[in-house]
Amino acid sequence: MRRAIVYGSVMASFTVEDFSLKRLTRLSPNDIAERYTAFHDLIRVEP
Amino acid sequence: MKEAIRPLDLVVPDQFFDATKRRVSSFFGDGIVAHVGMAEPVCPDLAGALEKAARQTSATVHRGGTYICIEGPQFSTRAESRIYRSWGVDIIGMTNMPEAKLAREAELCYATLALATDYDVWHETHEAVSVEAVVQNLLKNVATAKDVLRRVIPAIAPPRGCECPSLLKNAVDHQPQSAFPAATRKKLDSYSTRTFRANGTGVGGCTHSRPPSVKGGLTVPATMSDLLVVGSVALDSVETPFGKVQEALGGSATYFSYSASFFTAVHLVATVGEDFPEAHLKLLADRGVDIRGLQTSKGRTFRWTGQYGYDLNEAKTLETQLNVFAEFRPVLNDVSGRTPFLFLANIDPELQLDVLRQMKERPKLVALDTMNFWIQGKREALRKVLAEVDVVTVNDGEARQLASEPNLIQRGAGHLGDGTEDRRRQARRVRRAAQHRGPALLRAGLSAGIGLRPDRRRRHVRGRIHGLPRRLRTGSTPPRCGARSSTAR
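Chains A and B, in that order, give the protein sequences. Mapping of the first sequence onto our numbering: position 35 corresponds to residue 1264, and the numbering continues sequentially without gaps. Mapping of the second sequence onto our numbering: position 93 corresponds to residue 161, and the numbering continues sequentially without gaps.
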């Protein structure tokens, strides 16, 4: 479930980069994987 | 070619008639002749798998029948069409020959899924269909085909129990292989899987493998399955400090289904008007979104006009034209009513509840998106539907509005209702959600997400996510058009 939420936010972050579906139509699965990693790195806090 | 096969029906033919004229129809020649048997041109195992997958869709499926393949590119004259019918053929096309012959020569398992778009010209009483209708059927057929492929591919795996791998066994001209011209053997080496390899070791035929669990670089959970989304498809005019668009493709269900298509098979149920551009339909169909549930209704497509300031969480609605959306009532069929995952995109909560009631089986997970407009105007209906879903997405302001509670942590730890829900009922729902997927969840916009793990009463709070996305401010989407559906604001 947490992964789904992060993927949702990743997709949203692409969506708001342009109007309508313009950004999503230029999206590759690799882009998603890369941003997922970036997101993960950003929110991870070492104990 | 038969009255009983209607537009949008699926046919898995078992015979072909080759009426092509100028196509190369054999891999052989140049010193090697092969007479491959064509009495049964279709692999029964593959055809069976195709039929089984096709019957899992909502389309009508016909197993068996004769496909006549004409040369084209022109369509038949009426006289030709009548003659073909008198021969007893079932469907007509320009595609399957000579590929069926070549597949036999290559010892490939071969089967066809034919998707009817229209009656041929013989049908004089059938009311003339418009080009638009044919194109729409074509697009819907593309979606159906992709749906069937998704279902059939995992079902095809070696070893092959059919006779296809040995079709050439007794088909080749009887002379020693050493007599075959070397150049021809080399050419065949790339086509055929056995018998003619220059090194003489070719064995076996093509094999089918299961699709990887990774979808184009994304790790897709093995449990991810078909997803049904019901919501709006709209034409939006949006202005932000960074630009504006007029009548661009939008709508909560549009954004959600397009985004989700990167992860799973998506079935869209929504409505558009007759003015909805075909290019938009094609965009969704090309992404593999099943648009058969996208009704084209008489009238204009739903339109939304809005404005954003620098805070993309707050949309100002300038104008809403419901148009065909005013009369929209989603209708689920036997197949969509059993989809295991349901997303109720941002629409009237009464419609969301209606969809939920139409589900033949309780989905494994139901998620819902809503907005301030409904929280304010349809609170009671929203409360009812909220009581039956597992996941809700709202932004910070909407969470406060929904909860009548300024402290989101307390609200998350309590429940997702509006404070009137019976405690025991609420606990049951949360437990049910926990059994399915773990935490019941309240998502609060890009800036914060609050998850609730009911079994431990532990709260998880995510801090503000500044800096992501990098170019967040370059554009935005209106609230109804589902940036929220893909959890953006």
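Glycine is no exception: its CB is placed at the ideal position from the N, C-alpha and C atoms.
Taking the alpha-carbon of residue i as reference, which of the options has the nearest alpha-carbon?
{"i": "Lys70 of chain B", "options": "B:Leu303, B:Ala122, B:Phe409, B:Tyr187", "result": "B:Tyr187"}
{"i": "Glu108 of chain B", "options": "B:Thr88, B:Glu175, B:Arg150, B:Val337", "result": "B:Glu175"}
{"i": "Val110 of chain B", "options": "B:Asp98, B:Val79, B:Gly97, B:Ala179", "result": "B:Ala179"}
{"i": "Gly132 of chain B", "options": "B:Pro166, B:Glu192, B:Gly105, B:Ala182", "result": "B:Ala182"}
{"i": "Glu570 of chain B", "options": "B:Arg371, B:Leu336, B:Val298", "result": "Given that chain B is displayed from residue 69 to residue 557, the structure contains no residue 570 of chain B and the question cannot be resolved."}
{"i": "Leu362 of chain B", "options": "B:Asn381, B:Leu436, B:Val423, B:His335", "result": "B:His335"}
{"i": "Arg228 of chain B", "options": "B:Leu317, B:Leu296, B:Leu114, B:Asp304", "result": "B:Leu114"}
{"i": "Cys177 of chain B", "options": "B:Arg368, B:Ile224, B:Leu436", "result": "B:Ile224"}
{"i": "Ala72 of chain B", "options": "B:Ser320, B:Met106, B:Ala117, B:Val157", "result": "B:Val157"}
{"i": "Arg451 of chain B", "options": "B:Ala471, B:Gly319, B:Ala121", "result": "B:Ala471"}
{"i": "Phe331 of chain B", "options": "A:Asn1259, A:Lys1251, A:Ile1272", "result": "A:Asn1259"}
{"i": "Val210 of chain B", "options": "B:Ala302, B:Val80, B:Leu76", "result": "B:Leu76"}
{"i": "Ala1233 of chain A", "options": "A:Leu1250, A:Ala1262, A:Arg1252, A:Arg1255", "result": "A:Ala1262"}
{"i": "Ala435 of chain B", "options": "B:Val199, B:Gly299, B:Arg218", "result": "B:Gly299"}
{"i": "Gly405 of chain B", "options": "B:His191, B:Lys432, B:Leu78", "result": "B:Lys432"}
{"i": "Val79 of chain B", "options": "B:Thr88, B:Pro112, B:Thr134", "result": "B:Thr134"}
{"i": "Glu307 of chain B", "options": "B:Tyr378, B:Glu448, B:Asn391, B:Pro81", "result": "B:Tyr378"}
{"i": "Leu390 of chain B", "options": "B:Lys350, B:Gly319, B:Leu351", "result": "B:Gly319"}
{"i": "Gln444 of chain B", "options": "B:Arg430, B:Ala455, B:Gln469, B:Met106", "result": "B:Gln469"}
{"i": "Thr385 of chain B", "options": "B:Tyr376, B:Val392, B:Phe393", "result": "B:Tyr376"}
{"i": "Lys428 of chain B", "options": "B:Asp82, B:Cys232, B:Leu296, B:Ala213", "result": "B:Leu296"}
{"i": "Glu119 of chain B", "options": "B:Ala213, B:Ala394, B:Ser154", "result": "B:Ala213"}
{"i": "Glu1246 of chain A", "options": "B:Leu380, B:Val301, B:Asp402", "result": "B:Leu380"}
{"i": "Ala302 of chain B", "options": "B:Tyr323, B:Gly311, B:Lys350", "result": "B:Tyr323"}
{"i": "Arg153 of chain B", "options": "B:Thr88, B:Ala117, B:Glu448, B:His191", "result": "B:His191"}
{"i": "Val104 of chain B", "options": "B:Glu382, B:Lys237, B:Glu466, B:Gly311", "result": "B:Lys237"}
{"i": "Glu448 of chain B", "options": "B:Arg430, B:Gln426, B:Gln420, B:Asp458", "result": "B:Gln420"}
Who are the neighbours of residue i on chain A, taking C-beta pairs under 9 Å?
{"i": "Val297 of chain B", "result": "The contacting residues do not exist; Val297 of chain B stays about 13 Å from chain A at best."}
{"i": "Ala316 of chain B", "result": "Phe1248, Ser1249, Leu1250, Lys1251"}
{"i": "Leu351 of chain B", "result": "Leu1250, Thr1254"}
{"i": "Tyr378 of chain B", "result": "What Tyr378 of chain B touches in chain A: nothing, since even the nearest Cβ is about 13 Å away."}
{"i": "Tyr178 of chain B", "result": "Those within 9 Å of Tyr178 of chain B in chain A number zero; the least Cβ separation is about 30 Å."}
{"i": "Tyr187 of chain B", "result": "Correct list: empty, because the minimum Cβ distance to chain A is about 35 Å."}
Spell out the partners DSSP gives residue i in its beta bridges.
{"i": "Ser93 of chain B", "result": "None; Ser93 of chain B has no bridge partner."}
{"i": "Gly1237 of chain A", "result": "Gly1237 of chain A is not bridged to any residue."}
{"i": "Leu424 of chain B", "result": "For Leu424 of chain B, which the question treats as bridged, DSSP gives no partner whatsoever."}
{"i": "His335 of chain B", "result": "B:Leu296, B:Asp358"}
{"i": "Lys55 of chain B", "result": "For chain B, the structure presents residues 69 to 557; residue 55 of chain B sits outside this window and is missing."}
{"i": "His103 of chain B", "result": "In DSSP, His103 of chain B forms no bridge with anything."}
{"i": "Ser305 of chain B", "result": "B:Thr373"}
{"i": "Arg131 of chain B", "result": "B:Val80"}
{"i": "Gly161 of chain B", "result": "B:Cys137"}
{"i": "Arg312 of chain B", "result": "The displayed chain sequence assigns Lys, not Arg, to residue 312 of chain B. Lys312 of chain B pairs with B:Glu307."}
{"i": "Thr388 of chain B", "result": "B:Trp372"}
{"i": "Ala328 of chain B", "result": "BP columns for Ala328 of chain B are empty, so no partner."}
Residues of chain A with CB closer than 8 Å to the CB of residue i, please, in chain order.
{"i": "Gly311 of chain B", "result": "Phe1248"}
{"i": "Tyr152 of chain B", "result": "The premise fails here: Tyr152 of chain B is roughly 41 Å from chain A at the closest Cβ pair, so nothing lies under 8 Å."}
What distance in whole Å lies between the Cβ atoms of residue j and residue i, which are believed to be in contact at a cut-off of 8 Å?
{"i": "Met1240 of chain A", "j": "Ser327 of chain B", "result": "4 Å"}
{"i": "Ser144 of chain B", "j": "Val203 of chain B", "result": "The pair is not a contact, with the Cβ atoms about 20 Å apart (cut-off 8 Å)."}
{"i": "Pro408 of chain B", "j": "Asp294 of chain B", "result": "6 Å"}
{"i": "Ser94 of chain B", "j": "Glu173 of chain B", "result": "6 Å"}
{"i": "Arg12 of chain B", "j": "Ala184 of chain B", "result": "With chain B running from 69 to 557 in the structure shown, residue 12 of chain B is simply not present."}
{"i": "Val357 of chain B", "j": "Pro398 of chain B", "result": "Not confirmed; about 16 Å, so no contact."}
{"i": "Ala168 of chain B", "j": "Phe84 of chain B", "result": "5 Å"}
{"i": "Leu49 of chain B", "j": "Ser1249 of chain A", "result": "A question about residue 49 of chain B goes unanswered here, because the residues of chain B that appear run from 69 up to 557."}
{"i": "Ala338 of chain B", "j": "Ala353 of chain B", "result": "Not a contact, Cβ separation roughly 14 Å."}
{"i": "Gly341 of chain B", "j": "Ser365 of chain B", "result": "6 Å"}
{"i": "Arg219 of chain B", "j": "Pro166 of chain B", "result": "The Cβ separation is near 28 Å, so there is no contact."}
{"i": "Arg368 of chain B", "j": "Val392 of chain B", "result": "7 Å"}
{"i": "Val216 of chain B", "j": "Ala121 of chain B", "result": "5 Å"}
{"i": "Thr1244 of chain A", "j": "Arg1252 of chain A", "result": "6 Å"}
{"i": "Pro81 of chain B", "j": "Cys230 of chain B", "result": "With 8 Å as the limit, Pro81 of chain B and Cys230 of chain B do not qualify as a contact, their Cβ atoms being about 17 Å apart."}
{"i": "Thr388 of chain B", "j": "Ser305 of chain B", "result": "So it is not a contact: roughly 11 Å between Cβ atoms."}
Quick one: list the residues of chain B neighbouring residue i, beta-carbon separation under 8 Å, in chain order.
{"i": "Thr1266 of chain A", "result": "Within chain B, no residue comes near Thr1266 of chain A; the closest Cβ sits about 11 Å away, beyond 8 Å."}
Residues of chain A with a CB under 7 Å from the CB of residue i: which are they?
{"i": "Val157 of chain B", "result": "What Val157 of chain B touches in chain A: nothing, since even the nearest Cβ is about 40 Å away."}
{"i": "Tyr326 of chain B", "result": "Leu1250, Leu1253"}
For the ligand ZN, any of its heavy atoms closer than 7 Å to the Cβ of residue i?
{"i": "Trp155 of chain B", "result": "Because no ligand of any kind appears in the structure shown, any question about the ligand ZN cannot be addressed here."}
Tell me, please, whether the CB atom of residue i is closer than 8 Å to any CB atom in chain E?
{"i": "Val306 of chain B", "result": "Looking at the structure shown, chain E is missing, and the protein chains on hand are A and B."}
For the stretch 159-167 of chain B against the stretch 135-145 of chain B, are there 3 or more C-beta pairs whose distance is under 8 Å? Using a C-beta cut-off of 8 Å, the stretch 159-167 of chain B makes contact with the stretch 135-145 of chain B, since at least three inter-stretch Cβ pairs fall below that distance.
Three or more beta-carbon pairs under 8 Å between the stretch 341-356 of chain B and the stretch 415-425 of chain B, yes or no? Segments in contact, no.
Decide yes or no for the touch test of the stretch 426-443 of chain B against the stretch 456-465 of chain B: beta carbon pairs closer than 8 Å, at least 3 of them. Contact annotation: the stretch 426-443 of chain B touches the stretch 456-465 of chain B, with at least three C-beta pairs closer than 8 Å.
Evaluate the contact criterion for the stretch 93-100 of chain B versus the stretch 122-131 of chain B: three or more CB pairs, one atom per stretch, below 8 Å. With contact defined as three or more Cβ pairs closer than 8 Å, the stretch 93-100 of chain B and the stretch 122-131 of chain B are not in contact.
Specify whether the stretch 147-159 of chain B and the stretch 205-214 of chain B touch according to this definition: at least 3 beta carbon pairs, one from each stretch, less than 8 Å apart. With contact defined as three or more Cβ pairs closer than 8 Å, the stretch 147-159 of chain B and the stretch 205-214 of chain B are not in contact.
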